[in-house]
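Written out below as structure tokens is the structure these notes cover.
Numbering (our numbering), first residue to last: 5 to 416.
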């Protein structure tokens with residue numbers, strides 16, 4: 005399925021944010037691969053970091069003169085139950101796939117190649133495990149196949165990893181958020197490191213007036229005059245929303261009027277999320293100051309933006325993490341982040357500089373209380389975080405890394 009309802013974006017729009025020199029550099033890089041085209045393939049057009057990235061990357065690449073399209077596989081819910089198992093196993097969980105599950109996963113990929121996907125690009129960028137097997141069933145003209153892995157592959161569960169390794173045959177390049185995520189057995193000739201990014205002009209990250217923020221808060225019965233702790237993350241054991249509630253309860257002992265916002269998008273390719281959502285709601289009990297804010301109650305990118313900008317302190321208690329774009333978003337909005345040092349979070353939360361890295365719920369609560377009581381420290385860490393994101397994790401940097409990879413592949 006082709007995703008066609010994308011916003012109109014021009015690289016020129018980013019000049020005031022990143023500077024004219026950066027924009028000119030991208031225009032010059034794009035000139036080197038004019039005439040080439042790109043097709044991105046993933047599993048959903050809404051919900052989760054991959055869809056958000058493509059929502060900005062695809063139109064920006066087109067504005068640079070690189071014909072870029074975005075295709076989404078079509079699959080029933082059973083398929084996503086299986087791919088969630090694959091996802092968790094690749095991150096180290098000891099979860100096996102039955103022979104029937106493997107066959108079904110391959111069949112859905114095969115059906116998508118034969119009936120659904122238009123793989124027209126010279127470069128085919130396949131995101132994550134869900135559509136990985138489409139390469140196995142493609143028999144058309146020569147393409148440059150790239151696997152864009154958004155998860156930590158450093159210590160996968162062996163039986164599932166071996167299944168994935170076979171499917172990577174025929175891919176020329178793979179891309180990972182961090183070098184430490186690259187397992188030494190990955191067979192692609194090119195292994196590329198490229199952290200993801202945020203779009204500062206998207207609804208989720210653009211500037212908002214205080215009036216607009218306040219209006220959104222009141223709509224969801226959140227008091228802007230009281231301290232706000234927020235965690236933006238899927239309902240997933242790896243993200244530890246239960247831990248966020250435990251932190252809030254410890255903070256509440258010292259600061260009784262504190263509020264907790266648990267914000268998430270319930271994506272259709274994550275059926276496990278519904279189960280963990282219910283578990284988290286039960287853990288919260290009937291505390292009126294714990295707010296569950298999802299697309300189920302009308303929360304979209306603009307609302308997430310407002311919640312993050314209103315936050316006093318941001319939590320990201322992920323036990324395992326790919327990169328953690330919710331952290332990037334919070335830092336961009338000049339909010340200090342308290343997080344576990346997992347995955348790409350370590351690149352973003354510089355301990356004592358842009359926030360605090362913690363290992364326990366108790367330590368997270370202690371740092372949260374400190375920041376709520378010390379606004380001058382919050383402001384200093386927030387400014388540092390904003391500058392760190394501007395330098396490293398804006399969408400223009402992401403586009404630059406893609407252009408450099410495509411250019412290098414045309415020369416080899």
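We put the CB at the ideal spot given by N, CA and C, even for glycine.
Range covered by the alpha helix (DSSP H) that runs through residue i
{"i": "residue 242", "result": "Where residue 242 is concerned, there is no enclosing alpha helix (DSSP H), given that its DSSP letter is neither H nor E."}
{"i": "residue 113", "result": "103 to 119"}
{"i": "residue 72", "result": "No alpha helix (DSSP H) contains residue 72, which is instead part of the beta strand (DSSP E) from 71 to 76."}
{"i": "residue 312", "result": "305 to 314"}
{"i": "residue 67", "result": "53 to 67"}
{"i": "residue 91", "result": "81 to 94"}
{"i": "residue 167", "result": "162 to 171"}
{"i": "residue 330", "result": "329 to 336"}
{"i": "residue 141", "result": "138 to 141"}
Pair within 7 Å by beta-carbon distance, residue i and residue j
{"i": "residue 399", "j": "residue 203", "result": "yes"}
{"i": "residue 348", "j": "residue 182", "result": "yes"}
{"i": "residue 207", "j": "residue 321", "result": "no"}
{"i": "residue 45", "j": "residue 191", "result": "no"}
{"i": "residue 110", "j": "residue 137", "result": "yes"}
{"i": "residue 394", "j": "residue 358", "result": "no"}
{"i": "residue 49", "j": "residue 7", "result": "yes"}
{"i": "residue 226", "j": "residue 316", "result": "no"}
{"i": "residue 409", "j": "residue 196", "result": "yes"}
{"i": "residue 69", "j": "residue 34", "result": "yes"}
{"i": "residue 334", "j": "residue 353", "result": "no"}
{"i": "residue 268", "j": "residue 239", "result": "yes"}
{"i": "residue 143", "j": "residue 336", "result": "no"}
{"i": "residue 74", "j": "residue 57", "result": "no"}
{"i": "residue 326", "j": "residue 154", "result": "yes"}
{"i": "residue 221", "j": "residue 314", "result": "yes"}
{"i": "residue 116", "j": "residue 77", "result": "yes"}
Coil, strand or helix - residue i by DSSP
{"i": "residue 407", "result": "helix"}
{"i": "residue 378", "result": "coil"}
{"i": "residue 211", "result": "coil"}
{"i": "residue 281", "result": "helix"}
{"i": "residue 33", "result": "helix"}
{"i": "residue 234", "result": "strand"}
{"i": "residue 320", "result": "strand"}
{"i": "residue 27", "result": "helix"}
{"i": "residue 8", "result": "coil"}
{"i": "residue 296", "result": "strand"}
{"i": "residue 47", "result": "coil"}
{"i": "residue 227", "result": "coil"}
{"i": "residue 398", "result": "strand"}
{"i": "residue 355", "result": "strand"}
{"i": "residue 249", "result": "helix"}
{"i": "residue 216", "result": "helix"}
{"i": "residue 287", "result": "helix"}
{"i": "residue 373", "result": "helix"}
{"i": "residue 157", "result": "coil"}
{"i": "residue 412", "result": "helix"}
{"i": "residue 182", "result": "coil"}
{"i": "residue 123", "result": "coil"}
Paired residues, beta bridge with residue i - DSSP
{"i": "residue 194", "result": "177"}
{"i": "residue 388", "result": "Residue 388 is not bridged to any residue."}
{"i": "residue 360", "result": "342"}
{"i": "residue 206", "result": "According to DSSP, which records beta bridges pairwise, residue 206 is partnered with nothing at all."}
{"i": "residue 255", "result": "Partner(s): none; residue 255 has no beta bridge."}
{"i": "residue 17", "result": "BP columns for residue 17 are empty, so no partner."}
{"i": "residue 266", "result": "235, 296"}
{"i": "residue 41", "result": "71"}
Residue of the options minimising C-alpha distance to residue i
{"i": "residue 90", "options": "101, 263, 234", "result": "101"}
{"i": "residue 287", "options": "323, 328, 250", "result": "250"}
{"i": "residue 108", "options": "128, 175, 81", "result": "81"}
{"i": "residue 64", "options": "311, 88, 30, 87", "result": "30"}
{"i": "residue 300", "options": "270, 188, 58", "result": "270"}
{"i": "residue 187", "options": "162, 209, 19", "result": "162"}
{"i": "residue 128", "options": "234, 117, 147", "result": "147"}
{"i": "residue 67", "options": "17, 22, 77", "result": "17"}
{"i": "residue 361", "options": "55, 372, 343, 168", "result": "343"}
{"i": "residue 229", "options": "262, 254, 303, 356", "result": "262"}
{"i": "residue 97", "options": "164, 310, 47", "result": "164"}
{"i": "residue 253", "options": "5, 368, 397", "result": "368"}
{"i": "residue 387", "options": "404, 407, 72, 340", "result": "340"}
{"i": "residue 122", "options": "5, 234, 106", "result": "5"}
{"i": "residue 281", "options": "314, 246, 382, 258", "result": "246"}
{"i": "residue 99", "options": "396, 26, 37, 167", "result": "167"}
Run of the beta strand (DSSP E) containing residue i, from where it starts to where it stops
{"i": "residue 128", "result": "127 to 131"}
{"i": "residue 349", "result": "Residue 349 -> not in any beta strand (DSSP E); alpha helix (DSSP H) instead, spanning 349 to 352."}
{"i": "residue 150", "result": "148 to 152"}
Heavy atom of the ligand MG within 6 Å of residue i beta-carbon
{"i": "residue 377", "result": "Although the ligand MG was asked about, the structure shown includes no ligands whatsoever."}
Closer than 7 Å to chain C by CB, residue i
{"i": "residue 183", "result": "This model lacks chain C altogether; it includes just one protein chain."}
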